[in-house]
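Just so we're aligned: the sequence shown equals residues 398 to 550 in this note's numbering. Using N, Cα and C, we set each Cβ at its ideal position, and we do this for glycine too. Contents: one structure, followed by commentary.
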Amino acid sequence: MASISDRVGDLGGYLREQREHAKLSLRQLAALAGVSNPYLSQIERGLRKPSAEVLQQIAKGLRISAEALYLRAGILDSEERPQVEIAINADPGLTSRQRRVLLDIYASFRAENVRTADQQGEPAVAPVDAEGGTAPTRGEPGTRDTSPPDEQS
């Protein structure tokens, strides 16, 4: 498990990467977040651990999810949310509206899978193969449908 100082350093590198991706200078992001240049620089270098409020302001300036920063800082536990949601919220290339739409679609697919699994008495989660990836399921491209003929579509 990463120590607090490791997480703060990781957060700093992530912030710098996101700031550069957003094409913002340190001075510009500091102004957007309402913090001083030296303080933001110390955060990026892993020397200071920002509060949740400061992270929220930085996230707003970068136009990314504050939750992504909270996860990096160790304020939130990544086990609480699926990795897909974390990735969607952390992507600076998406607008807020696009994030909401993607998360809604993802949630609807997961809910549909749970309903279908409940009706068929099957697990709602896809099987995992030996390498940790999901194993192909019935009807996926590249797989044979071995269900009885009356169940094939």
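Legend entry - For Asp488, the first and last residue of its enclosing alpha helix (DSSP H): No alpha helix (DSSP H) holds Asp488; DSSP gives it neither H nor E.
Inset, instruction - Please classify Lys457: does DSSP put it in a helix, a strand, or coil? - result: For Lys457, the three-state secondary structure derived from DSSP is helix.
Legend entry - Pro435 (DSSP reduced to helix, strand or coil): In this structure, Pro435 counts as helix in the three-state DSSP scheme.
Inset, instruction - Would you tell me roughly how many angstroms separate the C-alpha atoms of Ser438 and Ala449, rounded to the nearest one? - result: Rounded to the nearest whole angstrom, the C-alpha separation of Ser438 and Ala449 is 17 Å.
Legend entry - Cβ pair Arg416, Leu426 closer than 7 Å: Against a cut-off of 7 Å, the Cβ pair of Leu426 and Arg416 comes out as a contact.
Inset, instruction - Identify, in the order they occur along the chain, each residue of the same chain with its Cβ nearer than 7 Å to the Cβ of Ile461, setting aside the five sequence neighbours on each side. - result: Cβ-Cβ distances below 7 Å link Ile461 to Gln415, Ala487, Pro489 in the same chain, with the five nearest sequence neighbours on each side left out; the list follows chain order.
Legend entry - Run of the alpha helix (DSSP H) containing Arg494, from where it starts to where it stops: Run containing Arg494: 493-517, per the alpha helix (DSSP H) assignment.
Inset, instruction - Quick one: grab the DSSP three-state call for Gly409. - result: Look at Gly409 here: in three-state DSSP terms it is helix.
Inset, instruction - Using the Cα positions of Glu482 and Ser433, report the straight-line distance between them to the nearest angstrom. - result: Their backbone Cα atoms lie some 31 Å apart in a straight line.
Legend entry - Neighbourhood of Ile472 by C-beta, 7 Å cutoff - its chain only, sequence neighbours within 5 removed: So the qualifying residues of the chain are Ala449.
Legend entry - Beta-carbon proximity check, Gly409 vs Ala430, cutoff 7 Å: One thing to note: Gly409 has its Cβ no nearer than 7 Å to the Cβ of Ala430.
Inset, instruction - Pick out whichever of Ile455, Ser505, Arg445, Pro447 has its Cα sitting closest to the Cα of Leu421. - result: The shortest Cα separation from Leu421 among Ile455, Ser505, Arg445, Pro447 belongs to Ile455.
Inset, instruction - Starting from the C-beta of Pro447, find all residues in its chain whose C-beta is less than 6 Å away, skip the five residues before and the five after it, and write them out in chain order. - result: So the qualifying residues of the chain are Ile440.
Legend entry - Backbone secondary structure at Leu421 - three-state DSSP: If DSSP states are grouped into helix, strand and coil, Leu421 belongs with coil.
Inset, instruction - Counting only the same chain and skipping the five closest in sequence on each side, list residues whose C-beta sits under 6 Å from that of Ala465. - result: Around Ala465: Asn486, Ala487.
Legend entry - Straight-line Cα distance separating Gln480 from Asp407: Cα-Cα distance, rounded: 18 Å.
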